[in-house]
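The structure appears below as C-alpha coordinates.
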Amino acid sequence: MRADLQSAAFNHSATLPIRSLAVPAAEFGNMRIFQTLSTRVKRFTPEKNSAAVSGGPLPSFVDTMTRSKHPGSGRPSDKHSVHAAGNPRAAAPRQDQADEGTRTRRGGPKGNRPPPARGVLLYGLHPVAAAWSNPERRIHRLLATESGRSALEPAFAAARAQGLQRPEASIVDRTELERMLPAGAVHQGMVIDASPLPELGIEDLCNELAEVPSAVIVALDQVTDPHNVGAILRSAAAFGARAVVVTERHAPETTGVLAKSASGALEAVPLVRVTNLARALTDLQQNGFWAVGLAESGESTLAKLDLTGKTVLVMGAEGSGLRRLTMDRCDTIARLPTGGPVGSLNVSNAAAVALYEVVRLRE
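Take 1 as the starting number for the sequence shown in full-length UniProt numbering and just add one per residue.
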(Lines of atoms letter the chains of each structure in order from A; the text may use other names.)
(Lines give C-alpha, C1' and ligand atoms only; values in the text may rest on other atoms or scores of the structure.)
Protein backbone atom coordinates (compact mmCIF):
# COMPACT_ATOMS: atom_id res chain seq x y z
CA MET A 1 0.00 0.00 0.00
CA ARG A 2 2.81 2.42 0.91
CA ALA A 3 4.53 1.75 -2.41
CA ASP A 4 1.28 2.45 -4.26
CA LEU A 5 0.94 5.74 -2.41
CA GLN A 6 4.46 6.75 -3.29
CA SER A 7 3.85 5.96 -6.96
CA ALA A 8 0.67 7.97 -6.87
CA ALA A 9 2.39 10.90 -5.26
CA PHE A 10 4.87 11.29 -8.10
CA ASN A 11 2.43 10.48 -10.89
CA HIS A 12 0.01 13.39 -11.07
CA SER A 13 -2.48 11.55 -13.21
CA ALA A 14 -2.41 8.33 -11.18
CA THR A 15 -5.49 7.30 -9.23
CA LEU A 16 -5.43 4.31 -6.95
CA PRO A 17 -8.39 1.94 -7.11
CA ILE A 18 -10.74 1.63 -4.18
CA ARG A 19 -9.57 -0.94 -1.70
CA SER A 20 -11.95 -2.50 0.80
CA LEU A 21 -10.45 -3.90 3.97
CA ALA A 22 -12.64 -6.07 6.20
CA VAL A 23 -11.54 -5.51 9.79
CA PRO A 24 -13.16 -7.31 12.76
CA ALA A 25 -14.45 -4.63 15.16
CA ALA A 26 -16.27 -6.49 17.95
CA GLU A 27 -17.64 -9.88 18.85
CA PHE A 28 -20.93 -10.41 20.67
CA GLY A 29 -21.65 -14.09 21.36
CA ASN A 30 -21.48 -16.01 18.07
CA MET A 31 -21.93 -12.96 15.88
CA ARG A 32 -19.04 -10.99 14.43
CA ILE A 33 -19.34 -7.44 13.30
CA PHE A 34 -17.09 -6.27 10.56
CA GLN A 35 -16.41 -2.76 9.52
CA THR A 36 -15.57 -1.96 5.95
CA LEU A 37 -13.00 0.69 5.59
CA SER A 38 -12.79 2.17 2.14
CA THR A 39 -10.03 4.46 1.08
CA ARG A 40 -9.64 6.30 -2.15
CA VAL A 41 -6.54 8.22 -3.01
CA LYS A 42 -6.72 10.95 -5.63
CA ARG A 43 -3.99 12.98 -7.31
CA PHE A 44 -1.27 13.28 -4.73
CA THR A 45 1.30 15.98 -5.46
CA PRO A 46 4.77 16.11 -3.90
CA GLU A 47 4.21 19.70 -2.71
CA LYS A 48 0.90 19.17 -0.89
CA ASN A 49 1.16 15.56 0.23
CA SER A 50 4.74 15.03 1.29
CA ALA A 51 3.69 14.40 4.91
CA ALA A 52 1.20 11.73 3.87
CA VAL A 53 3.63 10.02 1.50
CA SER A 54 6.47 9.99 4.00
CA GLY A 55 4.29 8.77 6.83
CA GLY A 56 4.66 12.09 8.75
CA PRO A 57 2.03 13.51 11.08
CA LEU A 58 -1.19 14.84 9.60
CA PRO A 59 -2.75 18.07 10.88
CA SER A 60 -5.08 17.68 13.85
CA PHE A 61 -8.07 19.83 14.62
CA VAL A 62 -9.11 20.47 18.20
CA ASP A 63 -12.45 21.93 19.21
CA THR A 64 -12.04 25.29 20.88
CA MET A 65 -13.81 25.45 24.22
CA THR A 66 -14.86 28.72 25.79
CA ARG A 67 -13.52 29.24 29.28
CA SER A 68 -15.58 31.07 31.83
CA LYS A 69 -13.83 34.24 32.88
CA HIS A 70 -12.87 35.01 36.43
CA PRO A 71 -15.66 37.08 37.93
CA GLY A 72 -13.18 39.82 38.75
CA SER A 73 -12.04 41.44 41.94
CA GLY A 74 -13.82 44.77 41.95
CA ARG A 75 -14.43 46.44 45.24
CA PRO A 76 -17.95 46.77 46.66
CA SER A 77 -19.88 49.94 46.02
CA ASP A 78 -20.46 51.03 49.61
CA LYS A 79 -18.18 53.80 50.75
CA HIS A 80 -16.42 52.00 53.62
CA SER A 81 -15.41 48.38 53.18
CA VAL A 82 -12.87 45.87 54.43
CA HIS A 83 -11.15 42.94 52.72
CA ALA A 84 -12.94 43.46 49.40
CA ALA A 85 -11.10 40.80 47.44
CA GLY A 86 -13.56 40.08 44.67
CA ASN A 87 -16.88 38.63 43.65
CA PRO A 88 -17.27 35.28 45.43
CA ARG A 89 -20.05 33.98 43.19
CA ALA A 90 -19.48 30.37 42.28
CA ALA A 91 -17.56 29.59 39.10
CA ALA A 92 -16.02 26.35 40.32
CA PRO A 93 -17.68 23.01 41.08
CA ARG A 94 -19.38 22.73 44.45
CA GLN A 95 -17.09 21.52 47.18
CA ASP A 96 -17.48 18.71 49.66
CA GLN A 97 -17.25 20.18 53.13
CA ALA A 98 -17.58 16.92 54.99
CA ASP A 99 -14.35 17.11 56.95
CA GLU A 100 -11.58 19.47 57.89
CA GLY A 101 -8.72 18.60 55.58
CA THR A 102 -8.15 15.19 57.16
CA ARG A 103 -8.86 13.32 53.95
CA THR A 104 -7.08 13.90 50.68
CA ARG A 105 -7.88 13.43 47.07
CA ARG A 106 -5.57 13.59 44.14
CA GLY A 107 -5.70 16.49 41.74
CA GLY A 108 -6.60 16.16 38.09
CA PRO A 109 -4.26 15.11 35.30
CA LYS A 110 -1.11 17.12 34.92
CA GLY A 111 -1.45 19.93 32.43
CA ASN A 112 -5.13 20.63 33.21
CA ARG A 113 -5.71 24.22 34.22
CA PRO A 114 -7.38 24.52 37.65
CA PRO A 115 -10.94 25.89 37.72
CA PRO A 116 -11.30 29.66 38.22
CA ALA A 117 -11.25 30.98 41.77
CA ARG A 118 -14.53 31.62 43.56
CA GLY A 119 -12.96 34.09 45.98
CA VAL A 120 -9.35 35.14 46.55
CA LEU A 121 -6.35 32.84 46.28
CA LEU A 122 -4.22 32.85 49.43
CA TYR A 123 -0.88 31.06 49.57
CA GLY A 124 1.97 30.48 51.97
CA LEU A 125 1.93 28.79 55.38
CA HIS A 126 1.00 31.71 57.64
CA PRO A 127 -1.75 33.25 55.45
CA VAL A 128 -3.31 29.86 54.70
CA ALA A 129 -3.13 28.59 58.28
CA ALA A 130 -4.62 31.81 59.68
CA ALA A 131 -7.45 31.86 57.14
CA TRP A 132 -8.15 28.14 57.65
CA SER A 133 -8.81 28.62 61.37
CA ASN A 134 -10.65 31.94 60.97
CA PRO A 135 -14.42 31.40 61.47
CA GLU A 136 -15.14 34.49 59.36
CA ARG A 137 -13.67 32.81 56.28
CA ARG A 138 -15.38 30.31 54.05
CA ILE A 139 -12.82 28.07 52.35
CA HIS A 140 -13.87 26.77 48.94
CA ARG A 141 -10.91 24.47 48.30
CA LEU A 142 -7.39 23.64 49.40
CA LEU A 143 -4.68 22.49 47.02
CA ALA A 144 -1.44 21.35 48.59
CA THR A 145 1.60 19.21 48.09
CA GLU A 146 2.15 16.30 50.48
CA SER A 147 4.59 18.35 52.55
CA GLY A 148 2.33 21.41 52.44
CA ARG A 149 -0.59 19.43 53.79
CA SER A 150 1.55 18.06 56.62
CA ALA A 151 2.59 21.60 57.59
CA LEU A 152 -1.09 22.55 57.97
CA GLU A 153 -1.91 19.90 60.57
CA PRO A 154 -2.00 22.44 63.45
CA ALA A 155 -4.42 24.61 61.45
CA PHE A 156 -6.61 21.56 60.75
CA ALA A 157 -6.70 20.83 64.48
CA ALA A 158 -7.57 24.45 65.32
CA ALA A 159 -10.45 24.44 62.82
CA ARG A 160 -11.78 21.14 64.20
CA ALA A 161 -11.65 22.52 67.73
CA GLN A 162 -13.90 25.40 66.62
CA GLY A 163 -16.26 23.10 64.73
CA LEU A 164 -15.50 24.77 61.40
CA GLN A 165 -16.45 22.99 58.18
CA ARG A 166 -13.53 22.83 55.80
CA PRO A 167 -13.01 21.02 52.47
CA GLU A 168 -10.73 18.06 52.05
CA ALA A 169 -7.27 18.75 50.67
CA SER A 170 -6.52 18.05 47.02
CA ILE A 171 -2.95 16.78 46.71
CA VAL A 172 -1.19 18.26 43.68
CA ASP A 173 2.37 18.87 42.57
CA ARG A 174 4.16 22.20 42.80
CA THR A 175 3.81 22.97 39.10
CA GLU A 176 0.02 23.00 39.37
CA LEU A 177 0.22 25.50 42.22
CA GLU A 178 2.63 27.67 40.26
CA ARG A 179 0.20 27.82 37.33
CA MET A 180 -2.41 29.35 39.64
CA LEU A 181 -0.23 32.11 41.10
CA PRO A 182 1.84 35.11 40.00
CA ALA A 183 5.34 34.32 38.81
CA GLY A 184 7.74 33.90 41.69
CA ALA A 185 5.05 33.53 44.37
CA VAL A 186 6.41 31.67 47.40
CA HIS A 187 3.50 29.31 48.03
CA GLN A 188 5.27 26.81 50.33
CA GLY A 189 3.22 24.00 48.85
CA MET A 190 -0.31 25.28 49.58
CA VAL A 191 -3.04 27.45 48.04
CA ILE A 192 -6.59 28.04 49.25
CA ASP A 193 -9.54 29.61 47.47
CA ALA A 194 -11.28 31.62 50.20
CA SER A 195 -14.23 33.97 50.40
CA PRO A 196 -13.55 37.65 51.20
CA LEU A 197 -13.69 38.71 54.82
CA PRO A 198 -16.76 40.64 56.02
CA GLU A 199 -16.85 44.35 55.29
CA LEU A 200 -16.32 46.85 58.07
CA GLY A 201 -16.94 50.59 57.90
CA ILE A 202 -15.61 53.45 60.00
CA GLU A 203 -18.87 53.67 61.95
CA ASP A 204 -18.70 49.95 62.73
CA LEU A 205 -15.08 50.31 63.79
CA CYS A 206 -15.85 53.21 66.10
CA ASN A 207 -18.69 51.25 67.69
CA GLU A 208 -16.42 48.26 68.28
CA LEU A 209 -13.77 50.46 69.91
CA ALA A 210 -16.14 52.65 71.90
CA GLU A 211 -15.14 50.93 75.15
CA VAL A 212 -11.43 50.65 74.32
CA PRO A 213 -9.87 53.85 75.74
CA SER A 214 -6.36 53.25 74.41
CA ALA A 215 -7.12 51.89 70.93
CA VAL A 216 -4.55 52.57 68.20
CA ILE A 217 -5.34 52.71 64.48
CA VAL A 218 -3.07 53.23 61.48
CA ALA A 219 -4.42 55.28 58.54
CA LEU A 220 -2.61 55.21 55.19
CA ASP A 221 -2.92 58.07 52.70
CA GLN A 222 -2.75 56.53 49.21
CA VAL A 223 -0.14 53.87 49.96
CA THR A 224 -0.34 51.66 46.88
CA ASP A 225 2.28 48.94 47.31
CA PRO A 226 0.70 45.65 48.52
CA HIS A 227 3.96 44.58 50.16
CA ASN A 228 4.03 47.77 52.22
CA VAL A 229 0.38 47.50 53.24
CA GLY A 230 0.84 43.84 54.11
CA ALA A 231 3.93 44.60 56.19
CA ILE A 232 2.06 47.38 58.02
CA LEU A 233 -0.75 44.95 58.83
CA ARG A 234 1.84 42.59 60.26
CA SER A 235 3.35 45.34 62.44
CA ALA A 236 -0.14 46.43 63.50
CA ALA A 237 -0.90 42.89 64.68
CA ALA A 238 2.44 42.63 66.47
CA PHE A 239 2.05 45.92 68.38
CA GLY A 240 -1.67 45.68 69.11
CA ALA A 241 -3.17 48.17 66.64
CA ARG A 242 -6.88 47.57 66.12
CA ALA A 243 -7.24 48.39 62.40
CA VAL A 244 -5.53 49.73 59.29
CA VAL A 245 -7.49 52.27 57.25
CA VAL A 246 -6.73 52.76 53.54
CA THR A 247 -8.26 54.80 50.75
CA GLU A 248 -10.70 53.14 48.39
CA ARG A 249 -8.72 54.41 45.43
CA HIS A 250 -4.92 54.39 45.22
CA ALA A 251 -4.62 51.39 47.53
CA PRO A 252 -3.88 47.75 46.69
CA GLU A 253 -6.52 45.06 46.31
CA THR A 254 -6.77 42.48 49.06
CA THR A 255 -4.91 39.81 47.11
CA GLY A 256 -2.69 36.87 47.92
CA VAL A 257 0.35 39.14 47.51
CA LEU A 258 -0.87 41.47 50.25
CA ALA A 259 -1.90 38.53 52.47
CA LYS A 260 1.52 36.89 52.04
CA SER A 261 3.27 40.10 53.11
CA ALA A 262 0.92 40.34 56.10
CA SER A 263 1.95 36.81 57.15
CA GLY A 264 -1.44 35.96 58.65
CA ALA A 265 -2.20 39.41 60.09
CA LEU A 266 -4.94 39.99 57.51
CA GLU A 267 -7.11 37.61 59.56
CA ALA A 268 -6.42 39.50 62.82
CA VAL A 269 -6.41 43.20 61.89
CA PRO A 270 -9.31 44.68 59.86
CA LEU A 271 -8.33 46.44 56.64
CA VAL A 272 -10.92 49.20 56.31
CA ARG A 273 -11.40 50.99 52.99
CA VAL A 274 -12.80 54.52 52.87
CA THR A 275 -13.66 56.73 49.91
CA ASN A 276 -12.53 59.93 51.65
CA LEU A 277 -9.70 59.73 54.18
CA ALA A 278 -10.15 63.28 55.47
CA ARG A 279 -13.81 62.61 56.25
CA ALA A 280 -12.89 59.27 57.87
CA LEU A 281 -10.41 61.08 60.14
CA THR A 282 -13.17 63.48 61.15
CA ASP A 283 -15.41 60.52 62.03
CA LEU A 284 -12.63 59.02 64.15
CA GLN A 285 -11.96 62.34 65.91
CA GLN A 286 -15.65 62.67 66.75
CA ASN A 287 -15.37 59.28 68.43
CA GLY A 288 -12.47 60.27 70.66
CA PHE A 289 -9.41 59.56 68.50
CA TRP A 290 -6.44 61.92 68.33
CA ALA A 291 -5.03 62.07 64.80
CA VAL A 292 -1.23 62.23 64.61
CA GLY A 293 0.24 62.74 61.15
CA LEU A 294 3.80 61.58 60.53
CA ALA A 295 5.95 63.74 58.26
CA GLU A 296 9.52 65.03 58.12
CA SER A 297 8.14 68.55 58.61
CA GLY A 298 6.82 67.71 62.07
CA GLU A 299 7.91 70.17 64.77
CA SER A 300 8.21 67.57 67.51
CA THR A 301 9.11 63.93 67.63
CA LEU A 302 6.60 61.21 68.36
CA ALA A 303 8.27 60.51 71.71
CA LYS A 304 7.29 63.95 73.05
CA LEU A 305 3.56 63.43 72.54
CA ASP A 306 0.97 62.06 74.94
CA LEU A 307 -0.23 58.94 73.15
CA THR A 308 -2.00 57.24 76.04
CA GLY A 309 -5.52 57.78 74.68
CA LYS A 310 -7.21 56.72 71.46
CA THR A 311 -4.72 57.42 68.69
CA VAL A 312 -4.72 57.19 64.91
CA LEU A 313 -1.29 57.33 63.26
CA VAL A 314 -1.63 58.85 59.78
CA MET A 315 1.07 58.03 57.24
CA GLY A 316 1.51 58.98 53.60
CA ALA A 317 2.98 57.31 50.56
CA GLU A 318 6.72 57.35 49.98
CA GLY A 319 7.77 60.33 47.96
CA SER A 320 4.55 62.34 48.07
CA GLY A 321 3.89 61.87 51.78
CA LEU A 322 0.69 63.15 53.33
CA ARG A 323 -1.58 65.22 51.12
CA ARG A 324 -2.31 68.77 52.24
CA LEU A 325 -5.97 68.11 53.07
CA THR A 326 -4.99 65.05 55.11
CA MET A 327 -2.41 67.05 57.07
CA ASP A 328 -4.96 69.77 57.75
CA ARG A 329 -7.31 67.21 59.30
CA CYS A 330 -4.66 65.87 61.68
CA ASP A 331 -4.55 67.21 65.25
CA THR A 332 -0.75 67.40 65.15
CA ILE A 333 2.18 66.54 62.89
CA ALA A 334 5.13 64.64 64.34
CA ARG A 335 8.31 63.12 62.99
CA LEU A 336 10.56 60.18 63.72
CA PRO A 337 14.07 61.25 64.77
CA THR A 338 16.68 60.20 62.23
CA GLY A 339 20.36 61.10 62.44
CA GLY A 340 22.00 59.06 59.73
CA PRO A 341 22.84 59.92 56.12
CA VAL A 342 19.40 58.72 54.98
CA GLY A 343 16.69 61.02 56.27
CA SER A 344 13.61 58.88 55.73
CA LEU A 345 12.31 55.33 56.10
CA ASN A 346 10.22 53.05 53.97
CA VAL A 347 6.57 53.60 54.99
CA SER A 348 6.22 50.08 56.37
CA ASN A 349 9.41 50.49 58.44
CA ALA A 350 8.25 53.89 59.65
CA ALA A 351 4.92 52.38 60.71
CA ALA A 352 6.71 49.66 62.69
CA VAL A 353 8.90 52.22 64.47
CA ALA A 354 5.92 54.48 65.23
CA LEU A 355 3.83 51.62 66.60
CA TYR A 356 6.72 50.47 68.77
CA GLU A 357 7.11 54.01 70.10
CA VAL A 358 3.42 54.14 71.05
CA VAL A 359 3.76 50.87 72.97
CA ARG A 360 6.97 52.07 74.67
CA LEU A 361 5.42 55.36 75.76
CA ARG A 362 2.52 53.51 77.37
CA GLU A 363 4.67 51.25 79.53
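Beta carbons: idealized from backbone N, C-alpha and C, even for Gly. Predicted model only: the values in this text are computed from it and were never measured.
As assigned by DSSP and simplified to three states, the class of G148: Start at 1 with the first residue of the sequence shown, and residue 148 comes out as number 148. Of the three classes helix, strand and coil, the one that applies to G148 here is helix, per DSSP.
How many angstroms separate the CA atom of R141 from the CA atom of A251? Working through the sequence shown from its first residue, we reach residue 141 at position 141. Working through the sequence shown from its first residue, we reach residue 251 at position 251. Straight-line Cα distance between these residues: approximately 28 angstroms.
Secondary structure at G230, three-state DSSP: helix, strand or coil? As a working mapping, residue 230 is identified with position 230 in the sequence shown. Here G230 sits in helix by DSSP.
Counting along the chain, where does the alpha helix (DSSP H) carrying G256 start and finish? Along the sequence shown, read from residue 1 onward, the residue named residue 256 stands at position 256. From DSSP, the alpha helix (DSSP H) with G256 extends over 256–262.
Which residues DSSP lists as bridging Y356, in chain order: What you label residue 356 is simply residue 356 of the sequence shown in a count that begins at 1. Residue pairing by DSSP places Y356 in no beta bridge whatsoever.
Ignore the nearest five residues each way along the sequence and tell me which others in Y356's own chain have a CB closer than 7 angstroms to its CB. Within the sequence shown, residue 356 is the residue found at index 356, counting from 1. These residues qualify, in order along the chain: F239.
If you follow the beta strand (DSSP E) that D204 is part of, which residue opens it and which one closes it? Numbered from 1 along the sequence shown, position 204 holds the residue referred to as residue 204. No beta strand (DSSP E) contains D204, which is instead part of the alpha helix (DSSP H) from 202–208.
Mind checking whether I232 and S348 have CB atoms under 8 angstroms apart? Start at 1 with the first residue of the sequence shown, and residue 232 comes out as number 232. Start at 1 with the first residue of the sequence shown, and residue 348 comes out as number 348. Going by C-beta atoms, I232 is nearer than 8 angstroms to S348.
Got a sec, what are the start and stop residues for the beta strand (DSSP E) C273 sits in? Here residue 273 refers to the residue found at position 273 when the sequence shown is read from its first residue. The residue you asked about is not Cys; residue 273 is Arg in the sequence shown. 271–274 is the span of the beta strand (DSSP E), which, as asked, contains R273.
Between the Cα of A350 and those of G184, M327, A317, T332, spot the shortest distance and give me the residue it belongs to. In the sequence shown, the residue the question calls residue 350 occupies position 350. It is A317.
How would you write the range of the alpha helix (DSSP H) that V186 sits in, first residue to last? The residue you call residue 186 lines up with position 186 of the sequence shown. For V186, there is no enclosing alpha helix (DSSP H), as DSSP marks it with neither H nor E.
Roughly how many whole angstroms lie between the Cα atoms of G264 and S133? For the purposes of this step, residue 264 is taken as the residue at position 264 of the sequence shown. For the purposes of this step, residue 133 is taken as the residue at position 133 of the sequence shown. Each residue's Cα considered, the two are about 11 angstroms apart.
Three or more C-beta pairs below 8 angstroms linking the stretch 292–301 and the stretch 152–159: no
Distance between H126 and A243 (C-alpha atoms, nearest Å): Residue mapping note: residue 243 aligns to position 243 of the sequence shown, counting from 1. Residue mapping note: residue 126 aligns to position 126 of the sequence shown, counting from 1. So the two alpha carbons sit approximately 19 angstroms from each other.
Measuring only between beta-carbons, confirm whether V229 sits less than 8 angstroms from chain D. Here there is only one protein chain, and chain D is not present.
Using only the alpha-carbon positions, how far apart do C330 and G148 sit? Start at 1 with the first residue of the sequence shown, and residue 330 comes out as number 330. Start at 1 with the first residue of the sequence shown, and residue 148 comes out as number 148. The straight-line gap from Cα to Cα measures roughly 46 angstroms.
Just reading off the alpha helix (DSSP H) that D283 is part of, what are its end residues? As a working mapping, residue 283 is identified with position 283 in the sequence shown. D283 -> alpha helix (DSSP H) spans 277–286.
D221 lies in the beta strand (DSSP E); which residues open and close that run? Here residue 221 refers to the residue found at position 221 when the sequence shown is read from its first residue. From DSSP, the beta strand (DSSP E) with D221 extends over 216–221.
Excluding sequence positions up to five away, which residues of its chain have a Cβ less than 7 angstroms from the Cβ of E146? If you number the sequence shown from 1, residue 146 lands on position 146. Cβ neighbours of E146 beyond the five flanking positions: I171.
Given a cut-off of 8 angstroms, decide if A303 and L361 are closer than it, judged by their beta-carbon atoms. The residue labelled residue 361 in the question sits at position 361 within the sequence shown. The residue labelled residue 303 in the question sits at position 303 within the sequence shown. Yes, the Cβ-Cβ distance between L361 and A303 is below 8 angstroms.
Taking only three categories from DSSP, how would you classify V172? Taking the sequence shown and counting its residues from 1, the one referred to as residue 172 is at position 172. Note: V172 maps to coil in three-state DSSP.
Closer than 7 angstroms by C-beta to G298: which residues in its own chain qualify, once you throw out the five before and the five after it? Chain order, please. Here the question's residue 298 lines up with position 298 in the sequence shown. Counting only Cβ-Cβ distances below 7 angstroms, and skipping sequence neighbours, we find I333, A334, R335.
Looking at A144 and A185, is the spacing between their C-beta atoms short of 8 angstroms? Here the question's residue 185 lines up with position 185 in the sequence shown. Here the question's residue 144 lines up with position 144 in the sequence shown. Contact check for A185 against A144 fails: the beta carbons are separated by 8 angstroms or more.
Element boundaries [beta strand (DSSP E), containing V314]: On the sequence shown, residue 314 is found 314 positions in, with the first residue counted as 1. Run containing V314: 311–316, per the beta strand (DSSP E) assignment.
Can you find at least 3 beta carbon pairs, one from the stretch 213–223 and one from the stretch 311–326, that sit closer than 8 angstroms? yes
Can you pull the DSSP bridge partners for D193? The residue given as residue 193 occupies position 193 in the sequence shown. According to DSSP, which records beta bridges pairwise, D193 is partnered with L121, R141.
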